[in-house]
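Under this note's numbering, residues 740 to 947 are what the sequence shown spells out, in order. Beta carbons: idealized from backbone N, C-alpha and C, even for Gly. As structure tokens, the structure follows; a few thoughts come after it.
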Amino acid sequence: MAAKAKNRTEGRSKERRSVIYAGDTIPFTLIRSKRKTWALSVEEDGEVLLKVPLFVTEKEISRILSDQRTWIIEHYKKRQKILKARPQSDLTEVQRQALKKRYIQAAREYFPRRVAYFQQFTGGHYERITIREQKTRWGSCSSQGTLSFNWKLMLAPPAVLDYVVVHELCHLTHMDHSRVFWQAVEQVLPEYREQRRWLKEHGSELNL
Ligand SMILES: [Zn+2]
């Protein structure tokens with residue numbers, strides 16, 4: 740759920756790599772971008788992300804990977820375990836596609852209603868709403884005023900879907916994740932932290 744800020748993506752690069760720790764090969768994605776510090780994360784889908792400033796040296800990357808070894812192994816393995824334990828759907832591919840089509844149709848009808856409702860409280864002006872399937876995002880807000888939502892939110896509790904709607908609506912006024920932005924979200928949804936946490940923990944389960 741990031742607001743698109745053009746200057747932040749300039750010069751950005753993404754590279755697939757892997758690191759070997761005593762027999763364990765762990766794939767990771769190295770993202771260079773305009774940022775001042777490095778950040779490490781394990782995404783819901785199990786992808787390890789190392790974000791670094793544009794001009795970081797290979798030596799520095801090696802140092803981070805070495806220093807963070809314990810953290811990376813622990814969190815990577817934990818995520819893999821969760822992913823493996825996830826119940827598998829027994830739908831055929833044809834059934835899955837048919838069902839997905841119905842969810843997308845439902846999302847096209849439902850999201851505009853929720854957006855219109857919450858816009859009374861958040862303010863901001865939007866041009867259009869699109870429904871998409873984004874791999875790692877639940878919603879987005881472009882500087883042209885297009886609000887996009889992931890149809891998979893139709894599988895989430897309604898309060899979680901509403902949180903994403905309010906989040907993106909607030910980006911119409913605040914194109915960042917500053918304190919003011921979160922205050923705006925909180926004003927409309929005082930319990931938003933709970934929904935945000937739900938999405939972090941269960942987002943990867945929203946699949947047909
Ligand atoms: Zn956001």
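- Query: Can you name the residues that DSSP bridges to E754?
  - Reply: DSSP lists L769 as partners of E754.
- If you run the structure through DSSP and keep just helix, strand and coil, what is R774? The answer is coil: DSSP assigns R774 none of H, G, I, E or B.
- Per-residue DSSP class, three states only, for G942: In this structure, DSSP gives G942 a helical state, which the three-state scheme calls helix.
- Message: Can you look up S917 in the DSSP assignment and give me helix, strand or coil?
- Response: Secondary structure of S917 (DSSP, three-state): coil.
- What is the rounded straight-line gap between the Cα of G942 and the Cα of S801? Cα atoms of G942 and S801: separation of roughly 31 Å, rounded to the nearest angstrom.
- Endpoints, alpha helix (DSSP H) assigned at R835: Run containing R835: E832 to T861, per the alpha helix (DSSP H) assignment.
- Query: According to the Cβ coordinates, are G884 and L928 closer than 8 Å?
  - Reply: No; because the gap between Cβ atoms is not below 8 Å, this pair is not in contact.
- Using a Cβ-Cβ cut-off of 7 Å (strictly less than) and excluding sequence neighbours within five positions of C909, which residues of its own chain qualify? Hits under 7 Å: T861, F920, A923 and V924.
- Query: In this structure, what does DSSP give as the bridge partners for T809?
  - Reply: None; T809 has no bridge partner.
- Which residues in the same chain have their Cβ closer than 6 Å to the Cβ of E930, if we skip the five residues on either side of it in sequence? Around E930: no qualifying Cβ.
- Query: Alpha carbon to alpha carbon, what distance is there between R835 and F857?
  - Reply: Approximately 31 Å, taken between the alpha carbons.
- Determine which residues share a DSSP beta bridge with Y760 and list them. In the DSSP output, where bridge partners are listed per residue, Y760 has D763.
- Item | Cα-Cα separation, R818 to W810 | In this structure, the alpha-carbon of R818 lies about 12 Å from that of W810.
- alpha helix (DSSP H) containing L698: first to last residue? As displayed, the chain neither begins before 740 nor continues past 947, which places residue 698 out of reach and without an answer.
- Taking buried to mean at least 16 other C-beta atoms within 10 Å of its own C-beta, is D901 buried or exposed? Buried, by the Cβ-count rule.
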